[in-house]
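Engineer: Here's a structure for you.
Number of protein chains: 2
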Amino acid sequence: MPASKKKLPLAADGRIWISTAEGKLVGKGRIELLEKIKQYGSIRQAAMAMEMSYRQAWQLIDDMNTKAQTPLVISTRGGKGGGNATVTEKGEQYIALFNSFNKKFQQLLAQQTQHFIF
Amino acid sequence: MPASKKKLPLAADGRIWISTAEGKLVGKGRIELLEKIKQYGSIRQAAMAMEMSYRQAWQLIDDMNTKAQTPLVISTRGGKGGGNATVTEKGEQYIALFNSFNKKFQQLLAQQTQHFIF
DNA sequence: TTTCGTTATACCTGTTGAGGTATAACGAAA
DNA sequence: TTTCGTTATACCTCAACAGGTATAACGAAA
């Protein structure tokens, strides 16, 4: 064992999000929710896939749509299937934006954790 | 106004910390607390300077000392002045480690926020 | 052995927010 | 015009947590 003694394993950790003046707009969970809505075309099914209540999913979406100028999710109710939800082009842009940001962040965490052989 | 229309101001945001298997060890607030303890040599005065209760400061210190193998803060009670607290060499190392990590993180946030002219 | 300011710890309480449940609204299709 | 599954929203409850207050422990100095 060279310079480093027997060591307590340390990790660089953190959470990131994109915010407006109103506060948090999208983070990891909300982006995943958008991706599930895109996949299923349904808020309810997206919520089930993430093991969260419909209520919570709806609140997150409502908050996003309120804070962003343009809705990230558009939903309709009634009709065939009872209703549906789709992710807008704006929503897609946020997904891409966050995932790019997050990728760089994860690289930083990994790099810093390396330095923690301490 | 070139490629970007009138825009909603977005910011890359986040929080970071250093964690062990037991969870969070030090973040921004705890590092600041260590710095204040170093400055004042007193848990109570450090807490006052940060406008937190002595109780909360003590709990944070206790948690850090428990999770780290080596105490980050050593305190004595009784005697001249009623007691005192000092930051150990290990504590100083965590301060330096976190501040370095945080500096790179702040750079990432600033850089990403640039890309959010979106 | 009394004083004093700090460290250490127990205890109690209000708040807030996470979460579930219930129900209304809706519109296409049969 | 009835059915159906989903969206939308109101309402209620309970636990966890933040935070304050009170008090014990401590030891150097006077």
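So the protein sequences, as listed, match chains B and A.
Quick note: the first sequence uses our numbering, first residue 1, plus one each step.
Quick note: the second sequence uses our numbering, first residue 1001, plus one each step.
Ideal placement from N, C-alpha and C gives every residue a C-beta, glycine not left out.
(1) By Cβ distance, which residues of its chain are closer than 6 Å to B:A47, with the 5 residues on each side in sequence left out?
(2) Using Cβ-Cβ distances below 8 Å, what residues of the stretch 1015 to 1038 of chain A are close to chain B?
(3) Please confirm if B:A57 has its CB atom under 8 Å from at least one CB of chain A.
(4) So, is the C-beta of A:Q1106 closer than 8 Å to a C-beta in chain B?
(5) Against B:L10, what residues of chain A qualify as contacts under a CB-to-CB distance less than 8 Å, listed in chain order?
(6) Entirely within the stretch 14 to 52 of chain B and at least 3 residues each: give me those beta strand (DSSP E) ranges in chain order.
(7) Work out the CA separation of A:P1009 and A:T1113 for me, nearest whole Å.
(8) Look at B:Y94 and B:L72 and say whether their C-beta atoms are less than 8 Å apart.
(9) Can you tell me which residues form a DSSP beta bridge with A:T1086?
(10) Whose Cβ in chain A lies nearer than 7 Å to the Cβ of B:D62?
(11) Give the residues from the stretch 1064 to 1085 of chain A that approach chain B closer than 8 Å (Cβ to any Cβ), ordered along the chain.
(12) What residue range does the alpha helix (DSSP H) around B:Q59 cover?
(13) Starting from B:A11, follow its DSSP beta bridges and name the residues at the other end.
(14) Do A:L1109 and A:A1012 have their beta-carbon atoms positioned less than 8 Å apart in this structure?
(15) Hey, would you say B:A68 sits closer than 8 Å to B:K36, going by beta carbons?
(16) Is the CB of A:Q1112 under 8 Å away from at least one CB in chain B?
(17) Determine the direct distance from the alpha carbon of A:R1030 to that of B:K7, and round the result to whole angstroms.
(18) In the structure shown, what three-state DSSP assignment does A:A1003 receive?
(19) Among A:Q1107, A:N1065, A:V1026 and A:K1028, whose alpha-carbon lies nearest the alpha-carbon of A:A1085?
(20) Taking the CB atoms as reference points, tell me whether B:G23 and B:I16 lie closer together than 8 Å.
Structural biologist: According to the structure data:
(1) Residue 47 of chain B sits at position 47 when you count from the first residue of the first sequence. Cβ within range, chain order: Y54 and A57.
(2) Sequence-ordered contacts of the stretch 1015 to 1038 of chain A with chain B read R1015, I1016, W1017, I1018, S1019, T1020, A1021, K1024 and L1025 [C-beta pairs closer than 8 Å].
(3) By 1-based counting over the first sequence, the position of residue 57 of chain B is 57. It does not; no Cβ of chain A falls within 8 Å.
(4) Residue numbering aside, residue 1106 of chain A sits at position 106 when the second sequence is read from its first letter. A:Q1106 has a beta carbon lying at 8 Å or more from every beta carbon in chain B.
(5) For the purposes of this step, residue 10 of chain B is taken as residue 10 along the first sequence, with counting starting at 1. Here the neighbours are I1018, S1019, T1020 and L1025.
(6) 23 to 27
(7) The residue given as residue 1113 of chain A occupies position 113 in the second sequence. The residue given as residue 1009 of chain A occupies position 9 in the second sequence. Between A:T1113 and A:P1009, the C-alpha separation is close to 9 Å.
(8) As a first step, residue 94 of chain B is located in the first sequence; it is residue number 94 there, counting from the start. As a first step, residue 72 of chain B is located in the first sequence; it is residue number 72 there, counting from the start. Yes, these two residues count as a Cβ contact at 8 Å.
(9) Counted from its first residue, the second sequence places residue 1086 of chain A at position 86. Partner(s): A:I1074.
(10) Indexing the first sequence from 1 puts residue 62 of chain B at position 62. Those do not exist, as B:D62 stays about 17 Å from chain A at its closest Cβ, beyond 7 Å.
(11) A1068 and Q1069
(12) For the purposes of this step, residue 59 of chain B is taken as the residue at position 59 of the first sequence. Here the alpha helix (DSSP H) through B:Q59 covers Y54 to K67.
(13) Residue numbering aside, residue 11 of chain B sits at position 11 when the first sequence is read from its first letter. Paired residue(s): A:S1019.
(14) Against the second sequence, residue 1012 of chain A aligns to sequence position 12. Against the second sequence, residue 1109 of chain A aligns to sequence position 109. In this structure, A:L1109 lies closer than 8 Å to A:A1012 by Cβ.
(15) Within the first sequence, numbered from 1, the residue matching residue 68 of chain B stands at position 68. Within the first sequence, numbered from 1, the residue matching residue 36 of chain B stands at position 36. Remark: C-beta atoms of B:A68 and B:K36 do not approach each other more closely than 8 Å.
(16) For the purposes of this step, residue 1112 of chain A is taken as the residue at position 112 of the second sequence. Interface residue, yes.
(17) Working through the first sequence from its first residue, we reach residue 7 of chain B at position 7. Working through the second sequence from its first residue, we reach residue 1030 of chain A at position 30. Rounded to whole angstroms, B:K7 to A:R1030 spans 21 Å at the Cα level.
(18) Residue numbering aside, residue 1003 of chain A sits at position 3 when the second sequence is read from its first letter. The predicted model places A:A1003 with a pLDDT of 48, which falls under 50 and marks its position as unreliable; any figure quoted below should be read in that light. Of the three classes helix, strand and coil, the one that applies to A:A1003 here is coil, per DSSP.
(19) Working through the second sequence from its first residue, we reach residue 1085 of chain A at position 85. Ranking A:Q1107, A:N1065, A:V1026 and A:K1028 by Cα distance to A:A1085 puts A:N1065 first.
(20) As a position in the first sequence, residue 23 of chain B is number 23, starting the count at 1. As a position in the first sequence, residue 16 of chain B is number 16, starting the count at 1. Cβ distance not < 8 Å, so B:G23 and B:I16 don't count as in contact.
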